[in-house]
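Sequences listed follow chains A and B, in order. Residues in the first sequence are numbered from 675 upward in steps of one, following our numbering. Residues in the second sequence are numbered from 615 upward in steps of one, following our numbering.
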Amino acid sequence: MNAPNPPLRVLIVDDEAPARLRLRDVLADCSAELPVDIVGEAENGLDALNQVQQQPVDAVLLDIRMPGMDGLECAAHLNRMTAPPAIIFSTAYDAYACQAFDLNAVDYLLKPVRVDRLVRALSRAHRLNSVALDQLREAHPKARTHLSVNEKGRIVLIPVEDILYLKAELKYVTVCTAAREFLIEESLTRLESEFGEAFLRIHRNCLVASARIREIGKLPGEDDGHFLRLDGLEERLMVSRRQYSALRDKLKSL
Amino acid sequence: MKRKNHNNRQVELPNFCHLGVSLRIALTVEAALVAGVVARVPDAPAFWTEFIALSALAQPALLLTLLALCAAGRWLRSQPYRLGVGATLVLGMAVPVLATLWMGPLLAGSVQIPLGGVSLFALLIGAGLLAYFNLRARALSPAITEARLQALQARIRPHFLFNSLNAVLSLVRSDPRRAEHALENMADLFRALMGNASQLAPLEDEVALTRAYLELEQLRLGDRLQVAWHIKKMPGDALIPPLVIQPLVENAVYHGIEPQPGGGEISLNIYRSADKVHIVVRNPIATDPGHHKGNRIALANIRERLLLHFDLDAQLKLEPLGAVYQVHIVIPYTRERTQPSAARPHRR
């Protein structure tokens, strides 16, 4: 019946080699029911993103707990693609995540994976709903290692440690690194709560990387305004009067 | 059988050589001295004169009493409890009285110290302390201690269990022998986890268990997990509470190795120095910011078990050394005395 269907192109993502091997075995076992073409294996989120952009992938079997970029963050970046692959999470044990998955009707597999579970998940695999993904990430609050933007169909990753400041402008947030600027569609308040101490608010519309702060100075003139300079940035950023004392206290405590 | 005897055991005299016991005696005596002086003198300057004068006699007497109790400890403890209590009280009175007789003339003039007062003071303090130690021994009676130890028994992380099962499954087809070996390791590990947590076990058994655990982790993590063992000077026969090293190493893997893409090295250093056994576990500190919770629980658990077994004679120190996190445990070196443990299952 499903003979004319081309095989499903699957990418396996897990940091543990035996876990990837096991998935290969189980996928081979279900080839009669569901023809699958394993297009590659990745051992972390970054590697997975790279591979998905090199070749067409229909579904990604994505481990949640991985060093570096974890599965949930990887899924968030994958979802910026114009036509993202279906995502099926896998986890050995994670009571909170599983609860969140069940609530949001997200496909997931528990390791060790059974053949029938895998077939069922793959045969109804669909792209991840972005609202559901946001809720998953709230259940698992962990700061991202990268921000991402879709530029002409490609996912561009911005390592968080490269960011100098984030500035809200109308609907967008400008992300400024030493090399260039990006526009992302996120809210500054959420970025602030996600990254905590790593970024400090100096103005209603601006967060700066706390590790990059070089100096805070007083503007000349009788107006008691202050400016701030960052490593690797020529321009001076304005510090609002409201944020100045809070900023000074935070810098002292850091 | 053995356990039952253990439960019905009579209350024993404390081991007077243990730091915790000596410290409790010394502090009580000092507090009583201060209270006594405060009751006798009207103002602060008089307090100091009186206290210093009294201390000249009381401190050496206290020290000598502690030494005598420690020296006679083994004999006192081998007597029936009532007799032991009587002998302890006599000793506790005799030493201060003799010290007063000997040193009294040297201190003549400063304070008049009646022998009767010294004996009464020693008797009251001695009786009070023995009553306290009796109550404490009952509170920490084997049944209660055992229940607490069982409750504190280390539990394996479910995350580790399922990942290990998954790793074993992956080997079943490609490398059945390694799969067998891994399952044997898991069996050893779970036997220990479900075993009796209240009895001390030889250090070498705990090391074998830790090795079995690390082999399982190495199966999953491959080259990311490097282990350096420094156990040439380890006293294999030293007795330690079960599951002290393995959970420490599990923590080290969970917090120091797993979150790092490149992995890292865990080092275990176990040696004996005088009458102490040192266990040092080091792991790299993960740079991953979202990954540092849950560490304290396992450590608090181990610390409480060490306290139940060794009172103040054991220590657990946490030492972040730059990029390395170190846990250092010191326990007294004790060996199995008489009964060889026939019941304990053999471990590789």
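Virtual Cβ for every residue (Gly too), placed ideally from N, Cα, C. Note that this is a predicted model, so its numbers are computed, not measured.
- Under the DSSP definition of a beta bridge, Phe873 (chain A) partners with A:Ala883.
- Closer than 8 Å to the CB of Ala722 (chain A) there is not a single CB belonging to chain B.
- Across the set A:Asp836, A:Cys880, A:Ile738, the C-alpha of A:Asp836 shows the shortest separation from the C-alpha of Ala853 (chain A).
- The segment 847 to 854 of chain B makes contact with the segment 941 to 950 of chain B, as at least three CB pairs between them are under 8 Å.
- In the structure shown, Arg683 (chain A) adopts extended strand secondary structure according to DSSP, grouped into three states.
- Counting every other CB atom within 10 Å of its CB across the protein chains shown gives Tyr846 (chain A) a total below 16, marking it as exposed.
- Ranked by Cα distance from Met743 (chain A), the options A:Lys785, A:Ala817, A:Thr765, A:Asn753 are led by A:Ala817.
- Note on geometry: alpha-carbon atoms of Arg916 (chain A) and Val834 (chain A) lie some 26 Å from one another.
- When the five nearest sequence neighbours on each side are left out, the beta carbons in the same chain lying within less than 7 Å of the beta carbon of Ala736 (chain B) are those of Gly706, Met707, Pro710, in order along the chain.
- For Arg788 (chain A), there are no C-beta contacts with chain B under 8 Å, since the nearest C-beta of that chain is about 10 Å from it.
- Under the Cβ distance rule, Asp808 (chain A) does not count among the residues neighbouring chain B, no pair being separated by less than 8 Å.
- Residues of the segment 686 to 719 of chain A whose Cβ lies closer than 7 Å to any Cβ of chain B, in chain order: Glu690, Ala691, Pro692, Ala693, Leu695, Arg696, Asp699, Asn718.
- Not a single CB atom of chain B sits nearer than 8 Å to the CB of Gly745 (chain A).
- Here DSSP, grouped into helix, strand and coil, assigns Tyr947 (chain B) to coil.
- Leaving aside the five residues that flank Ala686 (chain B) on each side, the residues in its chain whose CB is nearer than 7 Å to its CB run, in chain order, Leu705.
- Within the segment 755 to 773 of chain A, contact with chain B at the beta-carbon level (separation under 7 Å) is assigned to Ala766, Tyr767.
- Any Cβ of chain B closer than 8 Å to the Cβ of Pro680 (chain A) would place that residue at the interface, and such an atom is absent.
- Judged by beta-carbon spacing, Asn897 (chain B) lies within the 8 Å limit of Gly870 (chain B), meaning their Cβ atoms are closer than that value.
- Considering only A:Phe873, A:Val687, A:His900, the residue with the shortest C-alpha distance to Ile762 (chain A) is A:Val687.
- Close to Pro741 (chain A), with beta-carbon spacing below 8 Å, are these residues of chain B in chain order: Glu872, Pro873, Gln874, Pro875, Asp902.
- Along the length of the segment 802 to 889 of chain B, whole alpha helix (DSSP H) runs at least 4 residues long occupy 817 to 835, 859 to 865, reported in chain order.
- Under a criterion of Cβ atoms nearer than 9 Å, the residues of chain A adjacent to Phe776 (chain B) are, in order, Thr765, Ala766, Tyr767, Leu784, Lys785, Pro786.
- Look at the beta carbons and you see the segment 904 to 916 of chain A touching the segment 879 to 887 of chain A: at least three pairs across the two are nearer than 8 Å.
- Only residues of its own chain outside the window of five on either side were considered, and among them Ile854, Pro856, Leu857, Val858, Ile859, Gln860 have a CB closer than 8 Å to the CB of Glu820 (chain B), listed in chain order.
- Annotation note: the segment 712 to 772 of chain A contains the following uninterrupted beta strand (DSSP E) runs of length 3 or greater, listed N- to C-terminal: 733 to 737, 760 to 765.
- The continuous beta strand (DSSP E) containing Gln929 (chain B) extends over residues 929 to 935.
- Between Asn780 (chain B) and chain A, the shortest Cβ-Cβ separation is below 8 Å.
- Going by DSSP, Cys631 (chain B) is part of no alpha helix (DSSP H) at all; its letter is neither H nor E.
- By the 16-neighbour rule on beta-carbons within 10 angstroms, Lys926 (chain A) is exposed.
- From the listed residues B:Gly740, B:Leu715, B:Ile739, B:Ala741, the smallest Cα separation to Leu729 (chain B) is found for B:Leu715.
- Residue state for Ser705 (chain A) is assigned as coil, using DSSP reduced to three classes.
- Against chain A, the beta carbon of Gly936 (chain B) has no neighbour under 9 Å; the closest one sits roughly 19 Å away.
- Nothing from the segment 626 to 646 of chain B brings a Cβ to less than 7 Å from some Cβ of chain A.
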